[in-house]
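Okay, so here's the structure we're looking at.
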Amino acid sequence: MHIELRGDHAFTKMLFEMRGRKPEGWIQATSTWHCEWTTGAPHRLRSVRVTDYREAKPGHDGRIEFADAAPAVLAGTGSYPRQLAQSFDYWRARSDKSLVADLLGAQGVVVADVNGDDLDDLYVLQPGGLPNRLFIRQADGTARDISAEAGVDILDFCRSALLVDLDNDGDQDLALALAWKLVLMEN
5 MHIELRGDHA FTKMLFEMRG RKPEGWIQAT STWHCEWTTG APHRLRSVRV
55 TDYREAKPGH DGRIEFADAA PAVLAGTGSY PRQLAQSFDY WRARSDKSLV
105 ADLLGAQGVV VADVNGDDLD DLYVLQPGGL PNRLFIRQAD GTARDISAEA
155 GVDILDFCRS ALLVDLDNDG DQDLALALAW KLVLMEN
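So for the sequence shown, this note's numbering puts the first residue at 5; every next one is plus one.
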């Protein structure tokens, strides 16, 4: 995630992920490791400081269970109740007939840190006629919809997208595969 050289020491910041089996079931843990290394050969690890430790514990049947957090995370955005929480039938009844085939769920999501705050943000692709949504994760676990503000509320049918640093300036740019063209947007 990050490397910094200072004198004869190197400092790294890395995302650590682990999954394993315990007698009571599966466990999954994530954390951030801040490591200090020597730069002379052989490289040696001098220290590790762990932050942001999170653990997903098994449910009643011993498996990792997921719960729908969208209502809690996105409830403060107007776009969640008005757009994302609506059913297929709701949008089919309100969409132009030429767009109905797009409603069948060929869209996806992209996860990346868009604003450089070390929190993963979410770009949600939508069927043609509905704006794509960019949700910026907040420190309290909620998200803010900045789709229109960022100019990424694309109404065209999007098949896929990537958030990647295309211009090597340190931030995530957006690449969109629309129905008939590729669009690149600089961040």
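We put the CB at the ideal spot given by N, CA and C, even for glycine.
From a predicted model like this one, the values you see are computed outputs, not experimental measurements.
Measure the Cβ-Cβ separation of residue i and residue j and say whether it is below 8 Å.
i, j, result
"phenylalanine 20", "threonine 43", "no"
"threonine 36", "threonine 55", "yes"
"valine 128", "valine 115", "no"
"isoleucine 158", "asparagine 136", "yes"
"leucine 182", "aspartate 160", "yes"
"glycine 80", "threonine 146", "yes"
Distance check for residue j and residue i, CA to CA, integer angstroms please.
i, j, result
"alanine 143", "histidine 13", "31 Å"
"arginine 29", "alanine 71", "Going by the sequence as given, residue 29 is glycine instead of arginine. If I take the Cα positions, the gap works out to 18 Å."
"leucine 180", "proline 27", "45 Å"
"alanine 224", "glycine 11", "Within the shown structure, residues of the chain are numbered from 5 to 191, placing residue 224 beyond reach of any answer."
"glycine 24", "lysine 61", "11 Å"
"proline 131", "glutamine 176", "23 Å"
Going by DSSP, what residues sit across from residue i in a beta bridge?
i, result
"lysine 26", "Gly29"
"glutamate 59", "Ala33"
Identify the continuous alpha helix (DSSP H) that holds residue i and give its terminal residues.
i, result
"serine 151", "151-154"
"valine 77", "74-78"
"tyrosine 94", "92-98"
First and last residue of the beta strand (DSSP E) that includes residue i?
i, result
"phenylalanine 139", "137-141"
Go ahead and label residue i buried or exposed: buried means 16 or more other beta carbons lie within 10 angstroms of its beta carbon, across all protein chains shown.
i, result
"valine 118", "buried"
"valine 52", "exposed"
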